[in-house]
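Residue numbers (our numbering): 3 to 740. Note that beta-carbon positions come from the ideal geometry of N, C-alpha and C, so glycine has one too. Single-structure report; data block below.
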Amino acid sequence: MVSATIAHADALRRVPLYRTGIVSDGVGTANIVVANVYGPATADLVSCSGGAAYALSYSSGVYKRVWYTGDVDCTAVAAGDVNGDGSIEVVVAGSTNEYSTPVVSTVQVFTPHGYGPARAAVQLPVAQAITDVAVANVDADPAIEIVVLTSANAYVYNAATLALEWTATGRGGYMVAVGDLEADGAPDIVINGSEGHVLNAAAQEYKWGYVGGFGHYMAVGDVDSDGRAEIVGGTHNNVRIVHGDTFTTSTFTTSSYQSVAAIAVGDGNGDGQLEIITGDDQWGAIRGWNVTGVQQWYVNNPEHGVSAVAVADPDGDGFNEAVWGAGLTSSGTDALFVGNPSTHAVEWQTSDQDGSFYSTAADLDRDGDLELIVAMGSSDSGYAPGAFEVHDLQGNVLGSGLFPSNSWDQVMDVAAGQLDNDAALEFVLINSDGLAVYDGVTYALEFNTVAGIYSNTLSNLAPVLVRNVDGDAMDEIIIATASNGIQILNGASAFVQASAGPLNGAITDMAIADLDGDSVLDLVVGTTSGFYVLRASNLSQRIYTALSGYKTVAATAGEFALSYASNNYPYPSTLVAYAGGTLLERWRCDSLASQIVRSRYVTLDGTARLITADSTQLLAYPAGGSGCPATIAGEFPQAAVSDLEFADVTGDGRPEMLLSTYGSTHVDLFGLDTDPRGDADSDDVVHDADMDALSRWFYGDRQGIGTGADVNGDFSVAPDDLFYLINYRRGTGAAPPQ
3 MVSATIAHAD ALRRVPLYRT GIVSDGVGTA NIVVANVYGP ATADLVSCSG
53 GAAYALSYSS GVYKRVWYTG DVDCTAVAAG DVNGDGSIEV VVAGSTNEYS
103 TPVVSTVQVF TPHGYGPARA AVQLPVAQAI TDVAVANVDA DPAIEIVVLT
153 SANAYVYNAA TLALEWTATG RGGYMVAVGD LEADGAPDIV INGSEGHVLN
203 AAAQEYKWGY VGGFGHYMAV GDVDSDGRAE IVGGTHNNVR IVHGDTFTTS
253 TFTTSSYQSV AAIAVGDGNG DGQLEIITGD DQWGAIRGWN VTGVQQWYVN
303 NPEHGVSAVA VADPDGDGFN EAVWGAGLTS SGTDALFVGN PSTHAVEWQT
353 SDQDGSFYST AADLDRDGDL ELIVAMGSSD SGYAPGAFEV HDLQGNVLGS
403 GLFPSNSWDQ VMDVAAGQLD NDAALEFVLI NSDGLAVYDG VTYALEFNTV
453 AGIYSNTLSN LAPVLVRNVD GDAMDEIIIA TASNGIQILN GASAFVQASA
503 GPLNGAITDM AIADLDGDSV LDLVVGTTSG FYVLRASNLS QRIYTALSGY
553 KTVAATAGEF ALSYASNNYP YPSTLVAYAG GTLLERWRCD SLASQIVRSR
603 YVTLDGTARL ITADSTQLLA YPAGGSGCPA TIAGEFPQAA VSDLEFADVT
653 GDGRPEMLLS TYGSTHVDLF GLDTDPRGDA DSDDVVHDAD MDALSRWFYG
703 DRQGIGTGAD VNGDFSVAPD DLFYLINYRR GTGAAPPQ
């Protein structure tokens, strides 16, 4: 057995368990790849949105989000078996914001069978933004390469080692593809930009160019069935076919249709011949053409501005579909579409969700498994109300809906509980118009307090809590009002059981716990002018302290904490902890580097800790004590946070972290790095029972795993962790790395 004692300072361990987030915004601008990256059954749809890379896999009529990275600055994706192990990896190329100084560009390699970070990465040697990426064998050796393009140069990396093999200086552009233009067995790198370039990577030399580039958009493939790949470019109402073996061109016009906004090569109608596929730039259609310009098929496009297009069979029905992204160049909905060339109709599309994201977890249907409830600030690029989705942790969206209003006001929080004493739990969304309560099984709206568009019945800063404050059979809803007050609503209706206020300032955050051990819950309220502690049963006041600055608050049995920030960038914070009984200050930490946006108490290894999130990191402070205590940092940084909660999602008696950002929600196994890897069942030893726990998680009832389930230390939980542990326990493999 492996001991739980490790001789170094603790750190917070986060093991990604599940991810979901925006998949529609600007989809296709970073390519659409159709490849078998997730499982053996069907090809998967891989793209990027809002800086995150993701994979969608077909199942029972829908495409599930089976892999999601969170924000990795993704600007281009490709896929290939980079290390020859028989599995397809996703290559994500990305650059920091163009206004950053300097721009940092990185190529990352992901194994999309878990939610962990990249398994390998390399930074470009220059401060140039990446415009495109391709994965192929470009030099006819046994290994494949990654071709990375910037506006100035092209870089060829060994895909397995990420060693730089060749820099084609001055051969930059905005699109790159690989094809054998001369059928000589030597693949060519084709680059499109203000000039067209064809490169020989085997000889590391320039072959030939094309004045003015191949078109606004480019693809490479054998569109005339001569055994040689052609370069296809689209410009306005014209398609140009460049034959690299004969140095001749042919063209056809799409003049009766709209301008070309995207181009690809594929067999959409299943006749064995590759078509030239174009996407109209305004609604219109996705169209397949033969090499002479005769339209072979089309699929109607319901949105404006095609950003990318591909053809494949992602649903495994034996017939190819068109896949495209649209909506980027107009207001309203952005979406990834799957359409049928035979019926000319859309078969499926993504929903268009917008941030910020908020989340909570609850056993809504009382079956013993917690569901993840994710609220999104708005939808359809802000032209539709906030929305919700209910997830299991296997990529299935169990239900979804919109806030019952035409309001564009952002949904700002979500909570869940037993509000009407029926068999199911309920969940609550809140925005500045009001709140909406939904049944946890049918997801039907039970009631809402929306009085009308922009009625502003609640504060623009809209926290919501659901707790039982009066000892009856039902939970109550605690909200902040626009008049700087607090209301406790009967959970089954908008009836107000108690109210307080107006308080001294707009309400910024609330937290609830039995602070003084009298079995009566206390409500800690932060405002723009101070903070209050109220008895939650009747909202009578225990204390008010004047204090300027934006507040976040947290509470647990015997203690509460608040942070407040300066108004000057980068908004340094002060964090103060108070004794719950005396309400006196225990300790404070001044001049923290940046503003704390969320804080929550959680118990780790039997010890209560305060977890804070700022714009870059998570920190843990011990509860109790005096003086500014030493902190425990996370194992890797965290982008700006919109919501932070803890819940025992896996059923092992230990909390998981629910962390949301502008564009995504993360569910992480959460603990300390002194938890031994391999200890999947969280009993502080590694033994055969941990194999049972992992087997149940992957192939059984999906109950009960902790951070030790990341056996091999790759910050992910995947079947290879089970195999690693089996080999170790059977004496055929190494001990888990501690």
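With 16 as the cutoff for other CB atoms within 10 Å, does residue i come out buried or exposed?
{"i": "Thr256", "result": "buried"}
{"i": "Phe321", "result": "exposed"}
{"i": "Trp299", "result": "buried"}
{"i": "Ala453", "result": "Residue placement at Ala453 cannot be trusted, given a pLDDT of 48 that sits under 50; the coordinates are not used to answer."}
{"i": "Pro738", "result": "buried"}
{"i": "Asn99", "result": "exposed"}
{"i": "Glu207", "result": "exposed"}
{"i": "Arg16", "result": "buried"}
{"i": "Val296", "result": "exposed"}
{"i": "Tyr552", "result": "buried"}
{"i": "Gln125", "result": "exposed"}
{"i": "Ser107", "result": "buried"}
{"i": "Arg368", "result": "exposed"}
{"i": "Phe405", "result": "buried"}
{"i": "Arg611", "result": "buried"}
{"i": "Arg732", "result": "exposed"}
{"i": "Ser62", "result": "exposed"}
{"i": "Gln355", "result": "buried"}
{"i": "Glu587", "result": "exposed"}
{"i": "Gln130", "result": "buried"}
Per DSSP, what kind of secondary structure is residue i in: helix, strand or coil?
{"i": "Leu421", "result": "coil"}
{"i": "Asp723", "result": "helix"}
{"i": "Thr709", "result": "helix"}
{"i": "Gly582", "result": "coil"}
{"i": "Tyr573", "result": "coil"}
{"i": "Met693", "result": "helix"}
{"i": "Gly246", "result": "coil"}
{"i": "Asn33", "result": "coil"}
{"i": "Asn729", "result": "helix"}
{"i": "Trp699", "result": "helix"}
{"i": "Ser89", "result": "coil"}
{"i": "Ser59", "result": "strand"}
{"i": "Asp382", "result": "helix"}
{"i": "Val522", "result": "coil"}
{"i": "Pro18", "result": "strand"}
{"i": "Val651", "result": "coil"}
{"i": "Asp511", "result": "strand"}
{"i": "Trp69", "result": "strand"}
{"i": "Asp516", "result": "coil"}
Does the beta-carbon distance from residue i to residue j come in below 8 Å?
{"i": "Val794", "j": "Val135", "result": "Past the boundaries of the shown model lies residue 794; the chain is included only from 3 to 740, so the question cannot be answered."}
{"i": "Tyr117", "j": "Tyr60", "result": "no"}
{"i": "Ile148", "j": "Ala165", "result": "no"}
{"i": "Val643", "j": "Ser662", "result": "yes"}
{"i": "Leu395", "j": "Val651", "result": "yes"}
{"i": "Asn240", "j": "Thr253", "result": "yes"}
{"i": "Ser539", "j": "Val522", "result": "yes"}
{"i": "Val79", "j": "Val92", "result": "yes"}
{"i": "Ile279", "j": "Val244", "result": "no"}
{"i": "Thr554", "j": "Gly582", "result": "no"}
{"i": "Ser601", "j": "Ser565", "result": "yes"}
{"i": "Gly235", "j": "Tyr219", "result": "yes"}
{"i": "Ile132", "j": "Ser97", "result": "yes"}
{"i": "Glu428", "j": "Asp422", "result": "yes"}
Relative to the C-alpha of residue i, which candidate in the options has its C-alpha closest?
{"i": "Val313", "options": "His306, Ser628 and Gly327", "result": "Gly327"}
{"i": "Ala649", "options": "Arg611, Thr362, Val109 and Lys209", "result": "Thr362"}
{"i": "Asn450", "options": "Gly442, Ala464 and Ile432", "result": "Ile432"}
{"i": "Gly357", "options": "Ile707, Ser333 and Val25", "result": "Val25"}
{"i": "Asp247", "options": "Ala324, Asp269 and Asp186", "result": "Asp186"}
{"i": "Val115", "options": "Tyr159, Val137 and Tyr56", "result": "Per the sequence presented here, residue 115 reads as His, with Val not at that position. The residue with the shortest Cα to Cα distance from His115 is Tyr56."}
{"i": "Gln628", "options": "Gly653, Glu448 and Leu577", "result": "It is Ser, not Gln, that sits at residue 628 in the sequence shown. Here the closest residue by C-alpha is Leu577."}
{"i": "Leu276", "options": "Trp285, Trp291 and Asp282", "result": "Trp291"}
{"i": "Asp224", "options": "Val29, Ser258 and Asp182", "result": "Asp182"}
{"i": "Ala641", "options": "Gln597, Val158, Thr676 and Val213", "result": "Gln597"}
{"i": "Ala475", "options": "Gly419, Ala484 and Ser485", "result": "Gly419"}
{"i": "Glu561", "options": "Leu525, Ala425, Phe497 and His393", "result": "Leu525"}
Check the DSSP bridge columns for residue i and list the partner residues they point to.
{"i": "Gly532", "result": "Ala548"}
{"i": "Pro624", "result": "Arg611"}
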